[in-house]
Each structure stands twice: as structure tokens, then as C-alpha cells.
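Chains as they are written, first to last, in this note's numbering: chain A, 389 to 892; chain B, 26 to 237.
Here it is, written out as C-alpha cells:
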């Protein structure tokens with residue numbers, strides 16, 4: 389008996405110590421949202437690989453790093469070290485040998501005398517960074533130098549090629565300041581600047597520095613107040629309308645561009661759910677609207693209601709990787725949300741806290757080659773997340789699926805379900821695979837309570853096939869029913885006649 | 026009015042549904058009220074409202090299936106109906122209505138028949154139709170509701186021998202009366218719950234005292 393007790397004790401201790409190891413693995417629990425919008429536990433798609441601080445890079449402590457950019461062609465990693473008024477340039481392996489600091493720029497010869505005599509200029513609170521290589525292989529670096537109220541564009545020799553400053557055009561409101569926060573550049577070298585004080589969209593410059601206008605404005609969140617104002621505007625006089633409180637859209641908070649040249653904007657708002665994530669075509673219209681994705685909830689579904697307002701996730705940064713996956717960074721919860729290019733939620737990772745893999749004040753997210761980089765402006769470091777095996781399988785399945793190889797995607801999707809039976813995107817993937825094979829009944833099973841659109845498509849084909857297979861039987865049944873009704877009515881008529889005849 | 030009508034009790038609901046304007050006059054004349062039939066219709070009302078949540082096809086079904094609670098379906102069918110009858114009776118007896126509680130119960134139940142039939146059609150059709158064909162389902166749903174509303178007005182008019190404007194006013198105030206009844210019921214329930222909790226805590230307190 390004693391032996392047994394001792395055995396049980398050791399087993400319990402061993403079990404509990406195992407459990408401790410397992411739970412100490414990640415400081416956050418992976419979860420996902422099912423079709424009903426309920427959070428369900430899920431396997432982690434990303435785990436912490438390491439964190440990198442300024443000391444690791446050999447450049448001293450970072451101070452409020454607020455933006456990052458990965459130059460994939462030159463294997464360079466830029467960090468906007470805002471409070472230190474400098475840029476830190478390193479590579480993707482964060483090698484201290486390859487790390488250097490940019491804090492002083494020189495004016496090129498193309499600038500007028502007044503500027504080229506000063507020759508040197510420094511950054512003041514650089515909050516946004518972007519780099520683009522032209523066809524000749526010259527890389528231009530764009531920095532949103534918010535303290536100096538300019539976007540500065542310079543080459544690898546640290547010579548300024550262009551300065552984008554506050555437009556003097558009549559279109560730009562004279563009372564609005566120009567304090568660039570984020571910047572991105574398209575393939576024609578048009579510059580898109582996010583300015584927090586502007587609600588009409590991003591400020592667009594052409595390559596030569598002329599102000600082109602605003603690009604990609606948000607819509608106004610349709611609250612009850614806005615609708616009421618629309619009504620009063622019908623009645624009020626012009627003077628009264630002018631005195632009304634103006635309802636303006638919430639300003640864009642961050643911007644990114646994918647490899648096809650579509651621009652993504654996010655809006656950081658805890659109270660609004662309009663236009664949180666947009667994918668803009670060159671005309672500035674949101675192409676998610678036609679697809680219905682603009683109705684989706686981005687970030688966490690759960691809302692808190694406080695003093696008449698709903699508080700939700702605050703998406704402060706967006707990044708699109710080379711596979712088209714969209715990464716959203718939530719300032720409110722410190723989480724990263726990974727979506728497919730069709731806005732289907734893949735993985736959620738990160739969180740608030742002080743452990744590795746959690747954050748206190750996130751500022752930027754970048755993703756490249758199965759790794760996700762998140763900077764924290766209070767911890768002053770960068771956390772690198774590595775895709776797990778599970779995440780890799782999901783990624784592989786989605787890539788095959790997007791290429792139209794539905795049958796090839798079947799095997800990885802089945803593997804996903806073996807590891808996590810709650811992963812609902814796998815059911816949709818398998819449903820599509822069976823639908824593509826023409827096995828509509830199985831496709832219906834997979835789509836049931838997972839995807840209404842998929843179910844609709846599968847059911848359409850299923851119904852046609854069913855009718856084709858059973859048309860003869862259905863026709864016979866209908867004919868028998870009609871015949872039966874005719875006979876019944878004839879019999880009734882005769883009965884009635886007989887009755888009347890009997891009465892007479 | 027047809028005086029030669031001689032229908033079995035179960036046929037009356039269908040007869041009034043097919044004759045929305047004179048059917049209730051015939052019913053009143055022939056005293057076709059039957060509580061058993063009425064209760065069957067109310068029971069079907071409950072069953073069909075549950076079936077609508079459970080058997081509607083996936084493409085048209087928005088019911089949260091993870092948790093199924095039958096109480097809301099019961100209260101939104103049977104209790105609602107009984108409240109309607111009680112509210113209508115208590116209002117209309119004060120305003121020269123001729124209907125007894127039994128009569129009101131029967132004619133109101135009979136008026137539900139078109140709604141129930143179209144609901145069954147919708148539940149069946151929702152398993153065969155695509156999202157793009159949802160117009161058929163909505164058409165039948167609205168048709169059933171509109172038909173039942175017309176029947177209900179006709180029923181109230183006949184059973185109380187009111188004019189049409191008076192009927193409409195009576196229906197409006199019946200709804201107000203229903204709200205008041207439900208409010209009082211909820212209030213009563215909460216109070217009784219409080220009394221029960223009070224009594225129970227005294228009981229536990231005493232048990233603690235005497236057990237030591």
C-alpha cells in the first residue's frame with residue numbers, strides 16, 4: 389500500500405512538473421474565433437524566438453522605436469528609433485557587425501543654395517520609415533521626420549534627394565499642421581503620408597514633391613447621432629448647418645503597401661468599427677467593400693461597453709507579407725492578428741504583459757519569411773516570432789488553395805484538423821477541395837456551420853445533381869398526386885350528386 | 026351569411042381562414058367555438074416556433090445552436106398568446122365587448138392558422154432553396170403574417186361586435202394591456218424570488234445556529 393502511495397505521489401509530481409514546463413512555453417494561449425464569433429482555444433501559429441534590444445545590436449538603448457521596415461531586396465532592417473532621433477539599420481539576423489546608425493544627412497547638389505550651404509541636417513522624432521529600390525538598383529529611404537514637419541527621401545550615401553514638406557496649395561487646410569507620422573511609397577514613387585491631424589485620408593505627393601491631394605479617406609461611422617444630423621440638415625437653414633457639430637471620419641493611423649501595389653490602411657479607434665482595415669486600389673476606393681470584407685470585425689470580437697460607447701480593439705499597424713497575409717497589430721491588447729488575403733483569421737498571438745512575447749505598448753509590426761517582428765515603444769525592444777510547425781502547415785495549405793490546387797491542399801488541411809479539430813478554416817478548405825472534386829455531399833458536411841457561402845455553392849450543385857438523378861421519380865410522384873386529386877374531386881362530385889338525388 | 030353550414034369543429038379554423046370577412050360571422054352564428062381545437066392550434070404555434078429554430082435549413086438559420094433553451098420559445102408563443110387573450114378580455118369587457126374569455130381564446134387561435142401554415146411551408150422550403158432564392162421564403166412569411174393580422178382584426182370585430190375603428194383602437198390598447206400584464210408578472214416573479222431568498226437565508230442562518 390505504501391509503495392502504491394509513493395508511486396502515485398511521484399507520478400503526480402512528475403505530471404505536475406511536466407505540466408509546468410508545458411504551460412511555461414508561451415505567455416499567451418492561442419485562440420481563434422469560430423463561425424459564431426465565439427473565441428475557442430487553438431494551437432499557436434507563432435511562438436517567440438527571441439527579443440532584440442539596442443544593446444544586442446551594439447547601438448545603445450533604443451528609445452521609443454515607433455516603426456520598422458524590412459528591405460527584402462537588400463536584406464536590411466530599418467528601425468525608426470524616434471526619441472533618439474536616429475535610424476538604426478541592421479539585417480534580418482540582427483548581426484551587431486552589420487548594424488549602423490543614421491542620424492545625419494547631407495543635402496545633395498540639386499537643392500538651392502540656402503540649403504546646400506547648411507549641408508547637414510538631423511532627424512527630429514522620426515516616426516515612419518519606408519525604403520524602395522528603383523529599376524536601376526538605387527535604394528531610396530523615406531523617413532517621416534515628424535518633428536521637422538517633413539518627409540525626407542535620401543539615398544544610401546545619405547544624400548537627401550527630395551523633401552516633402554507642408555503643401556502650400558489651396559486644397560491643404562491652412563489651419564492644419566503637417567506632422568507626418570507614417571510614410572509609404574508606391575512603384576511610381578508617389579509618396580503617401582499619414583498625418584494624424586488630417587481626416588480626409590493620406591496626403592499624396594508625386595515623386596517630384598508636388599501635392600496631389602488626399603488619398604483613401606475613411607467613411608464617417610454611422611452612429612445614431614450622425615443619422616440624426618442628416619435628418620436635421622434637411623430642415624435647418626444654412627447658418628444653422630454651419631453651426632452644427634461636424635462629424636468627420638477618424639483619421640488613418642497607419643499604412644502599408646503590398647507587392648502588387650495595393651495600399652492598406654488601418655484606423656486606430658476603440659469606439660468606431662468603420663473602415664478599420666482597408667485595401668485601396670490606385671483610385672483610392674476600398675476593394676474590400678465589394679467583397680463584403682469591410683463588414684468583418686478586425687481584431688478581437690469582444691466589446692466592452694462603457695459610458696455609452698463600445699470599446700474594441702485599436703488596430704495601430706498593418707503589414708502585408710510576401711504571401712499576401714495581413715498582420716494587424718492591436719494596441720489595446722498587444723496582440724497580433726494574422727489574416728489571409730481574404731480576411732479570414734488565421735492566428736492570434738502576443739498579449740499584454742512583461743514576459744517575453746508580451747508587450748506593454750506595441751508600436752509596429754513587420755512580417756517576412758515566416759517571421760513576425762513586433763516593436764514595443766516602452767520595452768524598447770523588438771520581439772521576433774517564429775512560425776510553428778502547425779502555422780507552417782496552415783500556411784502551406786492556404787498557399788496551395790490560393791493557387792487553385794484544391795486537391796493538393798487536402799492533405800495539409802487534414803493534417804491541420806488532426807492537430808486542431810477546432811480550426812474552422814480547415815473545414816472550409818476541405819469543403820472547397822471536395823466541392824472541386826464534385827463530391828458535393830461531403831462538401832456540404834464540411835461547410836455546414838462553417839461557411840454559408842461555401843454551403844450555398846455546394847448545395848446549388850448538389851441540388852442540380854439530385855434533380856438530374858431522380859427526375860423520373862419526381863415526375864411520377866407529381867403526376868400521381870395530380871391524378872389522385874382529379875379522381876378524388878370526381879368521386880366527391882358524384883357523392884354530392886347522389887346525396888342531392890337521394891333528397892329529391 | 027350561410028345558414029346551411031354544418032361543419033365539424035376541426036374544419037372551422039380553415040373555414041374562417043378562407044373567408045376572412047364573413048367567416049367569423051358564420052362561426053358566431055353557428056357557435057363553432059371549440060376549446061380543444063383552439064388548444065391544439067396554440068400547441069402547434071409553440072411546436073412550430075421551436076421547429077423554426079431547429080429545422081430551418083442552414084442557409085436561412087440564424088439560431089445560436091450551441092445553447093438551446095426552450096423557455097424563450099414557450100414564452101414567445103404560448104405565454105404571449107394567453108396574455109393577448111387575457112389582455113383583450115379584460116379590456117373589452119369594460120368597453121362593451123360581447124366576447125367571453127372562451128370566445129376570444131378560440132377566435133384568436135383560429136386566426137393564427139394562416140401564419141402557422143406559411144411557417145411550415147417556409148421551414149420546408151428553406152431546406153431546398155439557395156440564398157439567392159430567399160425571396161420566396163420572405164414572400165410566404167409576409168403573406169402569412171398579413172393574412173393572420175387581417176383575420177385577427179376580423180375576429181376581434183366580430184367577437185365583440187365592434188365597428189372597424191373601435192376594433193383597431195381595442196387592439197392597440199390590448200397591446201398596451203399586454204405590456205402592463207407582462208411587466209406586473211415580471212415584477213411579481215422578482216418579488217417572490219426575493220421573498221424566497223429571504224426565507225431561505227433565514228433558514229440557513231437558523232440551521233447554522235442550531236447545528237453547533
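Even glycine gets a Cβ: it sits at the ideal position worked out from N, Cα and C.
Because the structure is a prediction, the values reported are computed rather than measured.
Is there a C-beta anywhere in chain B that falls below 7 Å from the one on residue i?
i	result
residue 410 of chain A	Annotation note: pLDDT 42 at residue 410 of chain A (below 50); position unreliable, coordinate value reported separately. No, residue 410 of chain A lies away from the interface with chain B (no Cβ there is under 7 Å from its Cβ).
residue 603 of chain A	no
residue 885 of chain A	no
residue 681 of chain A	no
residue 421 of chain A	no
residue 848 of chain A	yes
residue 834 of chain A	no
For a cutoff of 7 Å on Cβ pairs, would you count residue i as touching chain E?
i	result
residue 844 of chain A	In the structure shown, chain E does not exist; the protein chains are A and B.
If we call anything under 7 Å between Cβ atoms a contact, is residue i one with residue j?
i	j	result
residue 786 of chain A	residue 728 of chain A	yes
residue 568 of chain A	residue 534 of chain A	yes
residue 529 of chain A	residue 754 of chain A	no
residue 168 of chain B	residue 70 of chain B	no
residue 112 of chain B	residue 206 of chain B	yes
residue 63 of chain B	residue 130 of chain B	yes
residue 810 of chain A	residue 548 of chain A	no
residue 843 of chain A	residue 835 of chain A	yes
residue 643 of chain A	residue 653 of chain A	yes
residue 415 of chain A	residue 696 of chain A	no
residue 604 of chain A	residue 668 of chain A	yes
residue 714 of chain A	residue 656 of chain A	no
residue 719 of chain A	residue 750 of chain A	yes
Quick check: is the beta carbon of residue i nearer than 7 Å to any beta carbon in chain A?
i	result
residue 39 of chain B	no
residue 155 of chain B	yes
residue 80 of chain B	no
residue 223 of chain B	no
residue 83 of chain B	yes
Alpha carbon to alpha carbon, how far is residue i from residue j?
i	j	result
residue 219 of chain B	residue 104 of chain B	23 Å
residue 52 of chain B	residue 871 of chain A	34 Å
residue 736 of chain A	residue 67 of chain B	49 Å
residue 875 of chain A	residue 141 of chain B	29 Å
residue 515 of chain A	residue 853 of chain A	59 Å
residue 147 of chain B	residue 832 of chain A	21 Å
residue 620 of chain A	residue 635 of chain A	13 Å
residue 83 of chain B	residue 488 of chain A	59 Å
residue 630 of chain A	residue 518 of chain A	40 Å
residue 409 of chain A	residue 436 of chain A	Reliability of the predicted coordinates at residue 409 of chain A is poor, the pLDDT of 41 falling under 50, and no value is obtained from them.
residue 537 of chain A	residue 570 of chain A	12 Å
residue 60 of chain B	residue 424 of chain A	42 Å
residue 711 of chain A	residue 645 of chain A	13 Å
residue 418 of chain A	residue 225 of chain B	44 Å
residue 214 of chain B	residue 878 of chain A	59 Å
residue 412 of chain A	residue 97 of chain B	Low local confidence applies: a pLDDT of 46 at residue 412 of chain A is under 50, so the model's placement there is unreliable, with the coordinate-based value given in what follows. Rounded to whole angstroms, residue 412 of chain A to residue 97 of chain B spans 44 Å at the Cα level.
residue 880 of chain A	residue 888 of chain A	12 Å
residue 821 of chain A	residue 92 of chain B	31 Å
residue 108 of chain B	residue 421 of chain A	40 Å
residue 624 of chain A	residue 682 of chain A	33 Å
Based on the DSSP output, what are the partners of residue i in its beta bridges?
i	result
residue 645 of chain A	A:651
residue 543 of chain A	A:528
residue 420 of chain A	A:428
residue 840 of chain A	Answer is none; residue 840 of chain A lacks a bridge partner.
residue 756 of chain A	A:759
residue 674 of chain A	A:668
residue 628 of chain A	BP columns for residue 628 of chain A are empty, so no partner.
residue 738 of chain A	A:723
residue 551 of chain A	A:540
residue 444 of chain A	Answer by DSSP bridge pairing: none, since residue 444 of chain A is not bridged.
residue 717 of chain A	A:705, A:724
residue 774 of chain A	A:435, A:759
residue 519 of chain A	A:529
Report yes if the C-beta of residue i is less than 6 Å from at least one heavy atom of the ligand GTP; otherwise report no.
i	result
residue 169 of chain B	With respect to the ligand GTP, the structure offers nothing, as it holds no ligand at all.
Exercise. Given 8 Å as the limit, is there contact between the stretch 477-491 of chain A and the stretch 548-563 of chain A, that is, 3 or more CB pairs closer than that?
Worked result: no
Exercise. Taking three-plus beta-carbon pairs below 8 Å as touching, is the stretch 438-446 of chain A in contact with the stretch 762-777 of chain A?
Worked result: yes
Problem set entry | Contact the stretch 600-610 of chain A vs the stretch 574-591 of chain A: 3+ CB pairs below 8 Å | yes
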